[in-house]
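Using this note's numbering, you'd call the opening residue of the sequence shown number 2 and step up by one each time. Idealized CB from N, CA, C, for every residue including glycine. The model shown is predicted, which means the values in this text are computed figures rather than measured ones.
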Amino acid sequence: DLSLRNFVEMRDLVADPRFILRKKIEGRIQQRHPDKWLPLYSQVKFSDIPYVDAWNEGLRHDRIMEEVLAMPGIEELWESDEVERKVLDLLW
Numbered sequence: 002d003l004s005l006r007n008f009v010e011m012r013d014l015v016a017d018p019r020f021i022l023r024k025k026i027e028g029r030i031q032q033r034h035p036d037k038w039l040p041l042y043s044q045v046k047f048s049d050i051p052y053v054d055a056w057n058e059g060l061r062h063d064r065i066m067e068e069v070l071a072m073p074g075i076e077e078l079w080e081s082d083e084v085e086r087k088v089l090d091l092l093w
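Written out as structure tokens, the structure reads:
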């Protein structure tokens with residue numbers, strides 16, 4: 002499943018502006034809160050988290066990011082405290 006997901010990302014999404022924005026937001030959250038946000042790939046590759054748990058957390062991250070990307074003006078707000086708070090609120 003993860004291999005297919007990575008293939009689809011590389012094939013279809015890497016040039017998509019929304020995907021790029023999502024990765025920027027995720028990177029910012031991971032940098033500022035590494036104890037709270039670990040990307041799916043990192044969970045599988047660099048941790049002892051069981052695959053099924055990492056997969057489920059990745060799906061949870063997808064739902065969170067869908068909600069964050071739907072915020073009005075997200076393209077301008079993505080580095081704001083408001084977006085950071087939204088992500089953290091949705092994590093709990």
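Nearest neighbour of Arg64 by Cα position, chosen from Arg23, Leu5, Asp82, Asp2, turns out to be Arg23. Between the beta-carbon of Arg33 and that of Glu80 there is about 11 Å, and that puts the pair past the 8 Å contact cut.
Under the criterion of beta carbons closer than 8 Å, Leu3 and Val45 qualify as touching, at roughly 6 Å. For Lys87, the enclosing alpha helix (DSSP H) has its first and last residue at 82-92. Residue environment analysis places Met66 among the buried positions, since at least 16 neighbouring C-beta atoms fall within 10 angstroms of its C-beta.
Here Glu83 is exposed: its Cβ has fewer than 16 other Cβ atoms, across all protein chains shown, within 10 Å. Between Glu58 and Leu78, the C-beta spacing is not below 9 Å.
A residue is called buried once 16 or more other Cβ atoms fall within 10 Å of its Cβ, and Val69 is buried on that count.
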